[in-house]
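Under our numbering, the first residue of the sequence shown is numbered 685, with each subsequent residue one higher. Ideal Cβ positions, reconstructed from N, Cα and C, are used throughout, including at glycine. Step one of this worksheet: look at the structure below.
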Amino acid sequence: MPRRALRSYPTKYATDLTDAQWAAIAPLVITPSPNGGRPTEIDRRAIVNALLSKNRTGCQWRMRPKDVPPMSSVRYSFDKWNRDGTFIKINDTLRKLARQALNRDPEPSISVLDSQSVKTTEAGGERGYDGGKKVNGRKRQFWVDTNGFLLRVLVHPADISDTEGAEWLLAAHHQSFPRMQEIRVDEGYKQGLNEWMQQNTTIRLNVIEKPPGQKGFAVIPKRWVVERSIAWAGRNRLLRRIIIRRNNRNPESSEAFLYLGSIAMLLNRLYPRC
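Written out as structure tokens, the structure reads:
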């Protein structure tokens, strides 16, 4: 019996993947299930387009446009790709290509780490109060290379210190980057992180301090790229704050959308739209 054609959802949104962009990530998205089971009946490209549109616009799951796949299908794929590491795999692949396009080694040796506290909306889910920034919500740890390309991200309650959050992130992911030699941070990580890294990693910590007498925000050499990365994330309406709803309360979902934002940026950089 011939295989049934996948159900397509042709749309013309600004966030839709071009043919070249889809070709770059399709092999990482269209993979057979190791457990077998019924194959999907919906075009995976349409599902990715729906997720990119949601991330950019901040549209609620149930308020999605009618010309995209059903919410249940999009949500199922999102959760599956989040659990099995597909979003991280796509981001890693595109980041390496972007570094090679700049004549850089695919694997970074120097990186930058910083955090951002953001408000959460509605009730439920993990949150905390960041007394320093007067924010009730969650904190996002951004770990990027010297181009500002995302390496890893971690979301946790805002009352967790920068140092403790960084320890959680690095404990889970530092072995994924064997060439890594140095991580640059601001003074917020000065207390305790250096000792932890010396005991648990071979990576050097470089604390970039503010110039004497500086007040307020200023661009600091060697560390400004992570601020730009945070600004890139803010282009996506969904990422300007963390929206907690009944089926989106876990920090891992917030991390997945941050990876999606990075994926969209890297795709547009590698395969520009005409």
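| Asked | Found |
| --- | --- |
| From the DSSP output, in three-state form, read off G631 for me. | Because the chain in this structure spans residues 685 to 958, residue 631 falls outside the shown range and cannot be described. |
| Pull up the distance between the alpha-carbon of L736 and that of R822, whole angstroms please. | 22 Å |
| Pull up the distance between the alpha-carbon of Y873 and that of V796, whole angstroms please. | 12 Å |
| In its own chain, which residues sit with a C-beta less than 7 Å from the C-beta of Q865, not counting the 5 before and 5 after it? | S793, I794, I887 and R888 |
| DSSP puts E866 in a beta bridge; with which residues? | I794 and R888 |
| Note down, in chain order, each residue of its chain lying with its Cβ closer than 8 Å to the Cβ of W951, except the 5 sequence neighbours on either side. | Note that residue 951 corresponds to Leu in the displayed sequence, not to Trp. The residues are L701, Q705, A708, I709 and L778. |
| Using a threshold of 8 Å, state whether the C-beta atoms of F762 and A915 are closer than that. | no |
| DSSP state of Q744, grouped into three classes? | coil |
| If you drop the 5 nearest sequence neighbours on each side, which residues of the same chain put their C-beta closer than 6 Å to that of F771? | W765, A940 and Y943 |
| Give me the Cα-Cα distance between Q800 and L853, rounded to the nearest whole angstrom. | 14 Å |
| Alpha carbons only, please: which of V910, P841, E851 and N884 is nearest the one belonging to E936? | P841 |
| If we ignore side chains and look at the alpha-carbon of each, how far apart do P790 and Q784 end up? | 6 Å |
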